[in-house]
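Report on the following structure.
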Amino acid sequence: MAPAANLLEAATKTPSNLLPLWEASTLQAKVIAFWQAIDPEFPDEVDSNQPVSNWIAIIAAFAPSILDYEQPAPNSGVGLNTQATFQTTVDYIYRLCKFAYYYAAQGLISATQAAAILTAYNAQFA
Amino acid sequence: MGYPQPDPDQYTLGGQTFWRLNTLLVSDGDMYQSKQGSGGFAIGPDSDIAKVNIAYFDDQVPGLMNQIAISPQRPFGGTMFARNSSQYLPSQRPGRFLIWPDEIYNPDWRPGDFDPGNYRLDFITPVLDVVEYFAPIGLNASRNDKEYLFQELPDNANAAGGGAIWGLLIPFYGRRYASIFTENFDTHMTVQQHIYGLTYCESSSVLTGDSGLVEVQAFTPMAAAAIKVIKASISGMFDALFLKFTYGSDNGETGTSDVVIRVRVSDQEV
Numbered sequence: 001m002a003p004a005a006n007l008l009e010a011a012t013k014t015p016s017n018l019l020p021l022w023e024a025s026t027l028q029a030k031v032i033a034f035w036q037a038i039d040p041e042f043p044d045e046v047d048s049n050q051p052v053s054n055w056i057a058i059i060a061a062f063a064p065s066i067l068d069y070e071q072p073a074p075n076s077g078v079g080l081n082t083q084a085t086f087q088t089t090v091d092y093i094y095r096l097c098k099f100a101y102y103y104a105a106q107g108l109i110s111a112t113q114a115a116a117i118l119t120a121y122n123a124q125f126a
Numbered sequence: 001m002g003y004p005q006p007d008p009d010q011y012t013l014g015g016q017t018f019w020r021l022n023t024l025l026v027s028d029g030d031m032y033q034s035k036q037g038s039g040g041f042a043i044g045p046d047s048d049i050a051k052v053n054i055a056y057f058d059d060q061v062p063g064l065m066n067q068i069a070i071s072p073q074r075p076f077g078g079t080m081f082a083r084n085s086s087q088y089l090p091s092q093r094p095g096r097f098l099i100w101p102d103e104i105y106n107p108d109w110r111p112g113d114f115d116p117g118n119y120r121l122d123f124i125t126p127v128l129d130v131v132e133y134f135a136p137i138g139l140n141a142s143r144n145d146k147e148y149l150f151q152e153l154p155d156n157a158n159a160a161g162g163g164a165i166w167g168l169l170i171p172f173y174g175r176r177y178a179s180i181f182t183e184n185f186d187t188h189m190t191v192q193q194h195i196y197g198l199t200y201c202e203s204s205s206v207l208t209g210d211s212g213l214v215e216v217q218a219f220t221p222m223a224a225a226a227i228k229v230i231k232a233s234i235s236g237m238f239d240a241l242f243l244k245f246t247y248g249s250d251n252g253e254t255g256t257s258d259v260v261i262r263v264r265v266s267d268q269e270v
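Going line by line, the protein sequences match chains C and W.
Here the first sequence stands for residues 1 to 126, where the numbers follow the working numbering.
Here the second sequence stands for residues 1 to 270, where the numbers follow the working numbering.
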């Protein structure tokens with residue numbers, strides 16, 4: 001796992017950063033902590049926050065279904081859908097970071113809001 | 001991203017029976033929304049993006065959020081309510097349709113041999129075209145064929161010495177056919193054309209290497225034209241076509257080079 005200097009780097013590092021968390025079966029808790037950390041920064045009443053708000057809604061709704069690495073039993077050689085939930089998690093975090101990077105570059109969210117996402121990313125995933 | 005996005009509310013107030021989201025993609029994280037109830041969703045006629053996800057409010061699933069994906073082969077018809085007064089859980093964000101591309105697009109990708117001093121790279125930005133219908137209708141989500149015409153290679157200060165490169169990326173998501181016509185009208189310069197199929201991924205940007213190489217062909221000055229046809233059943237499917245033109249020496253001439261390239265892409269194998 002490696003800290004990201006900006007949200008674009010965070011996006012491209014997402015597969016490698018989330019892999020050890022998935023393998024340690026801590027990914028679900030980390031993702032929940034991540035969305036809860038950025039949630040207060042994007043009140044839905046502000047129109048320009050709503051795209052990020054939508055990503056938060058998607059990640060929050062999905063997070064409880066993230067499966068632990070070992071399914072259904074350790075070393076059984078059977079992975080029941082856990083690879084799929086890992087890849088979906090990677091996809092959502094990757095897209096949120098990519099979106100926020102370009103959205104912030106257009107000035108549609110503040111530098112403070114973008115920094116909050118990056119800080120939460122590095123705190124939970126790096 | 002086209003923001004602020006076109007507002008579905010204005011379409012309904014105007015009495016239209018559909019809302020069309022037709023925008024250039026900025027990144028593959030682009031996110032759009034509609035607060036209007038729907039009679040169906042379909043890929044729009046000019047979309048380069050072939051698969052689009054839609055999240056909607058559903059009382060019977062965890063988080064109260066369900067998803068459906070639409071494609072040219074599979075539009076979705078059926079009444080859905082946006083449920084603005086309800087909230088997704090656990091985020092407590094209001095109900096509405098959430099719309100985002102399922103494809104990956106990375107304008108920051110660079111070829112392995114990229115040299116900023118000797119290499120020009122042009123991306124044709126993918127179009128995201130989605131139609132939300134406000135009344136139940138018969139859905140036909142076929143995409144139009146697209147055609148791209150380039151009548152000059154871009155000038156490159158290094159072309160006189162030979163070896164300069166122009167790279168061109170054309171969206172190819174879900175396409176099954178391409179016809180690439182190339183003709184070199186230049187009186188002096190030989191141009192070598194490489195055609196690659198690219199598949200983006202989230203980490204290293206692209207599945208790279210010569211495995212994606214479809215064709216290499218050299219066009220000598222004033223040579224006859226050539227057409228390369230790519231079919232998914234033979235070459236596989238890609239996110240983008242990458243055309244790479246390596247300029248030969250132009251014997252000291254400067255200015256653009258008279259090379260015509262016409263690319264047509266289609267969902268149907270001809």
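All C-beta atoms, glycine included, are put in the ideal place defined by N, C-alpha and C.
Counterpart residues of residue i in DSSP-defined beta bridges
i                 : result
Asn184 of chain W : W:Val259
Glu132 of chain W : W:Trp19, W:Phe41
Ile54 of chain W  : W:Ile68, W:Ile99
Ser34 of chain W  : W:Phe97
Ile104 of chain W : DSSP, once it has assigned bridges, lists no residue as partnering Ile104 of chain W.
Asp122 of chain W : W:Leu168
Val229 of chain W : W:Ser179
For residue i, the first and last residue of its enclosing alpha helix (DSSP H)
i                 : result
Tyr102 of chain C : 82 to 105
Asp9 of chain W   : 8 to 13
Lys13 of chain C  : 7 to 23
Ile56 of chain C  : 50 to 62
Residues near residue i in its chain [Cβ-Cβ closer than 7 Å; skip 5 each side]
i                 : result
Thr208 of chain W : Residue confidence is low: Thr208 of chain W scores 45 on pLDDT, short of 50, so the model does not pin down where it sits. Its coordinate-derived value is still stated next. Answer for Thr208 of chain W: Gly112, listed in chain order.
Arg83 of chain W  : Phe57, Gly95
Asp39 of chain C  : Ile56
Contacts around residue i, its chain only, beta-carbon distance under 6 Å, and the 5 residues preceding and following it disregarded
i                 : result
Pro154 of chain W : Arg120, Trp166
Tyr32 of chain W  : Gln5, Leu21, Ile99
Pro3 of chain C   : Asn122, Ala126
Asp258 of chain W : Phe185, Asp186
Lys146 of chain W : Val265
Ser34 of chain W  : Pro8, Phe97, Glu132
Trp35 of chain C  : Ile56, Ile59, Ala60
Thr17 of chain W  : Phe134, Ala135
Unbroken beta strand (DSSP E) run spanning residue i, endpoints
i                 : result
Glu147 of chain W : 146 to 150
Ile117 of chain C : Counting along the chain, Ile117 of chain C falls outside any beta strand (DSSP E), though it belongs to the alpha helix (DSSP H) covering 111 to 125.
Phe76 of chain W  : 76 to 80
Gln193 of chain W : 191 to 198
Glu270 of chain W : Sequence inspection shows Val at residue 270 of chain W; the Glu mentioned does not correspond to that position. Here Val270 of chain W belongs to no beta strand (DSSP E), and DSSP marks it neither H nor E.
Nearest-angstrom Cα separation, counted from residue j out to residue i
i                 : j                 : result
Ile93 of chain C  : Thr246 of chain W : 38 Å
Arg74 of chain W  : Ile54 of chain W  : 13 Å
Ile170 of chain W : Phe123 of chain W : 7 Å
Ala116 of chain C : Ile104 of chain W : 25 Å
Met237 of chain W : Gln268 of chain W : 13 Å
Asp46 of chain W  : Asn66 of chain W  : 27 Å
Gln193 of chain W : Gly117 of chain W : 20 Å
Asn54 of chain C  : Ser86 of chain W  : 14 Å
Leu67 of chain C  : Ile43 of chain W  : 32 Å
Own chain partners of residue i with C-beta closer than 8 Å, once the 5 adjacent residues on each side are dropped
i                 : result
Pro136 of chain W : Gly39, Gly40, Gly77, Gly78, Thr79
Thr12 of chain W  : Trp19, Gln36, Phe134
Ala69 of chain W  : Lys51, Val52, Asn53, Ile54, Asp102
Residue i: CB within 7 Å of a non-hydrogen atom of the ligand FAD
i                 : result
Glu103 of chain W : This structure does not include the ligand FAD; it has no bound ligands of any sort.
Q: Determine, using beta-carbon pairs with one atom in the region 175 to 186 of chain W and one in the region 223 to 236 of chain W, whether at least three such pairs fall under 8 Å.
A: Yes, they touch.
(Q) With a threshold of 8 Å, are at least 3 pairs of Cβ atoms found where one atom belongs to the region 77 to 86 of chain C and the other to the region 96 to 114 of chain C? (A) Touching, no, given that fewer than three Cβ pairs across the two stretches are closer than 8 Å.
Q. For the 8 Å Cβ check, are there 3 or more pairs between the region 103 to 111 of chain C and the region 14 to 28 of chain C?
A. In short, these stretches do not touch, since the Cβ pair count stays below three.
Q.
For the region 95 to 106 of chain C, list every residue whose C-beta sits within 8 Å of some C-beta in chain B, in sequence order.
A. Of the protein chains in this structure, namely C and W, none is chain B.
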